[in-house]
Amino acid sequence: MTRPIEFVSYPCPWCGAPGEASIDMVSGEREWVEDCGVCCAPIVFRRVDSGDGEEPEIAVWREGE
Ligand SMILES: [Zn+2]
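Take the sequence shown: its position 56, counting from 1, is numbered 92 in the numbering used here, and each next residue is one higher.
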């Protein structure tokens, strides 16, 4: 069963600080940008589907790369 919001942790690609992002499983949005809560740099997130109903994964990188 899929929850409407999933939370995943990630390391900031700019400063390395651990963060937590929420994934909107209902909208199906696949790519979005959020600012790091520590260094305020823009981080690009992309949802990576595992395809078998397991918890989603995300890829993160620096915006502009
Ligand atoms: Zn950061």
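Glycine is no exception: its CB is placed at the ideal position from the N, C-alpha and C atoms. Given the structure is predicted, the values throughout are model-derived calculations rather than measurements.
Residue i: CB within 7 Å of a non-hydrogen atom of ligand 1
i: Trp97; result: no
i: Ala53; result: yes
i: Trp50; result: yes
i: Ala57; result: no
i: Val80; result: no
Distance, residue j Cα to residue i Cα
i: Ile41; j: Ile79; result: 19 Å
i: Val84; j: Glu70; result: 17 Å
i: Val62; j: Glu101; result: 28 Å
Integer Cβ distance of residue i from residue j, believed to fall under 8 Å
i: Cys35; j: Trp50; result: Given a span of 37 to 101 for the chain in the structure shown, any question on residue 35 remains unanswerable.
Neighbourhood of residue i by C-beta distance below 7 Å, restricted to the same chain and skipping five residues each side
i: Gly73; result: Gly55
Cβ shell of residue i (< 6 Å), same chain only, five flanking positions each side left out
i: Glu67; result: Arg82
Along the chain, which unbroken stretches of the beta strand (DSSP E) at least 3 residues long are found entirely within the stretch 39-76?
41-47, 54-60 and 67-71
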